[in-house]
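**Student:** One structure, as structure tokens, below. Some questions next.
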Amino acid sequence: MVKSLRFGLWSVGLASAIILPLISAIGFRAAFEHHVQQSTIAELEADLRFMTRGLKLENGVVTLVPKTLPDPRFEEPLSGLYWQVVDDKSKAIVRSGSLVTFTMELPNDILPLNTVHRHAAEGPDGVDLLLLERRIPEGVEGKHSWRFAVAIDRELLEGQVDAIMLDTAPVFILLGMGLLIITFVQGSMLMGPLNKASHALALVRSGRQERLTEMVPIELDTFARDFDALLDAGERHAREARERAADLAHSLRTPLAVLLARADEIETSGQANAAATIRDIVSDLEHRATRDLARANIHGPTLGRLVEISLAPIIHQIANALARTSATENLTWDVQVDPEHKIRIDQSDLTELVGSLLDNARKWARTRIAIATVADHANLRILIDDDGPGIEPHQRRMALARGQKFDSSLSGTGLGLSIAQEIVQAYGGDLELSDGNLGGLRVSITLPNPAATSNS
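Set out below in structure tokens:
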């Protein structure tokens, strides 16, 4: 499962941009519904008070003279606003024009005089009504009274709420968009330091920067210090391992020399087979010690310590040094190395790599050795050709084995190609043996081109 901080931030931001405006809209609708209902109830109570003014006392008799309410919808058929007056004594009913012939069923309850009651009732066509009712007595004793009722279709209330919600919908949409923008800004602010740290790590990995601490934001300072401490510890352990390997190889020299001397004594005493066995064992131990020491001395792609090294000066230096030896006086060295070609490698590893391969070519070449470099976008190749006898295709894999020698008359341990291959592989490269253009062996070294990683 890929853990993406950016995906997490955007997920939370998107959820917030949807949920928060939705919750706000629900809360706003509930609050506005309450406001509309309370405002409507206040208006209906005012209508009730206005209606009660229609009671008139004439010649000692109380009569009802209905008064027309200000809102014209009370007279529009089925408009949603209704009023009704019921005489408790005669059960006579006076109703608004909006009710047409419909009579609102009032609850069969006993109302305290002059007290407004609120009910849910059924209106024309079965609509739900919000109904307010008030009982007005004829006199002090209250034996004769009238029940005044006003009502409103609840759909009218919901229509008001729906209208205001439709009008305010852009506000909630803008709120969601604002939250998304805030999330994007916060994400950019949070990812900025991480992107800087990633860039800093790339510089350390490429060798253009030794340490991370000076290049990251203060928020990541602790991480950078721990990372740098880890690099220091790794380098220290690698250095100590090389020193231990060198000490071990040095400590073996005296015992091995004693064994060889003992082999000579045994041989002079007539035990040639035993002496040969001892020499084989000593030779094997020398090969192992030399191989392990050479492997331990490979620095490898240590983070923060690799810089881009120009190939031309080092190759020319090694070739010139080998050309001055007495064993190569008759050899022609053709060095065609582009001065612009660079690789990212520890300098001691590069010197060991090129030196061992050129020394191997020197031993086998008859008259000529050629060194060239070729680069493309991804890789850089070092080509070393000689005009020696070469190596048969079926023997090339064996030639790369540790300590393999094809001619015992030549000096050396037979580790040149093997160690060179291990150095190349340590840097993610490849070493290949093939037929060369000079008729002998070609050694091709392929390593990552630092120009490609720099551009990426």
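In our numbering, the protein residues as written are -5 to 450. Just so you know, even glycine gets a beta-carbon here, dropped at the ideal spot from N, CA and C. Being a predicted model, the structure only gives us computed values, none of them experimental.
What would DSSP say about VAL144, mapped onto helix, strand or coil?
**Tutor:** strand
**Student:** What are the partner residues of ILE17, as DSSP defines its beta bridges?
**Tutor:** Per DSSP, none; premise fails for ILE17.
**Student:** Alpha carbons only, please: which of ARG23, ASP328, SER350, LEU279 is nearest the one belonging to ALA157?
**Tutor:** ARG23
**Student:** Output yes or no for whether 8 Å exceeds the beta carbon distance between ALA143 and LEU75.
**Tutor:** no
**Student:** Rounded to whole angstroms, how far is the Cβ of ILE146 from the Cβ of SER139, which I believe are closer than 8 Å?
**Tutor:** So it is not a contact: roughly 24 Å between Cβ atoms.
**Student:** Decide if GLN415 is buried, meaning its Cβ has at least 16 other Cβ atoms within 10 Å, or exposed.
**Tutor:** buried
**Student:** By the three-class DSSP mapping on this structure, what secondary structure does GLY54 have?
**Tutor:** Interpretation of GLY54 is limited by its pLDDT of 47, a score under 50 that renders its predicted location unreliable; the figure taken from the coordinates is listed afterwards. Coil at GLY54, not helix or strand.
**Student:** If the criterion is Cβ atoms closer than 8 Å, does the pair ASN354 and LEU432 meet it?
**Tutor:** no
**Student:** What is the DSSP secondary structure of PRO131, counted as helix, strand or coil?
**Tutor:** strand
**Student:** Less than 8 Å between the C-beta atoms of THR361 and LEU325, yes or no?
**Tutor:** yes
**Student:** Between THR319 and ILE312, what straight-line distance do the alpha-carbon atoms span, to the nearest angstrom?
**Tutor:** 11 Å
**Student:** Taking the DSSP output, what are the residues bridged to HIS113?
**Tutor:** Per the DSSP secondary-structure output, HIS113 pairs in a beta bridge with LEU125.
**Student:** With VAL88 and LEU72 assumed to form a contact (beta carbons below 8 Å), what rounded beta-carbon distance in angstroms separates them?
**Tutor:** Not a contact, Cβ separation roughly 18 Å.
**Student:** Check the C-beta distance from LEU42 over to VAL110 and give it rounded, since I have them as a contact under 8 Å.
**Tutor:** 7 Å
**Student:** Would you decide whether ASP343 is buried or exposed? Buried here means 16 or more other CB atoms lie within 10 Å of its CB.
**Tutor:** Buried is the call here.
**Student:** With DSSP collapsed to three states, give me the class of SER182.
**Tutor:** helix
**Student:** Given a cut-off of 8 Å, decide if VAL437 and ILE378 are closer than it, judged by their beta-carbon atoms.
**Tutor:** Contact flag set, yes.
**Student:** Taking ARG391 as the reference, give the member of ILE365, LEU425, GLY382 with the closest Cα.
**Tutor:** LEU425
**Student:** In the DSSP output, what is LEU336 paired with across the bridge?
**Tutor:** Looking at the sequence provided, one finds Lys at residue 336 rather than Leu. BP columns for LYS336 point to SER304.
**Student:** Roughly how many whole angstroms lie between the Cα atoms of PRO64 and GLU27?
**Tutor:** So the two alpha carbons sit approximately 24 Å from each other.
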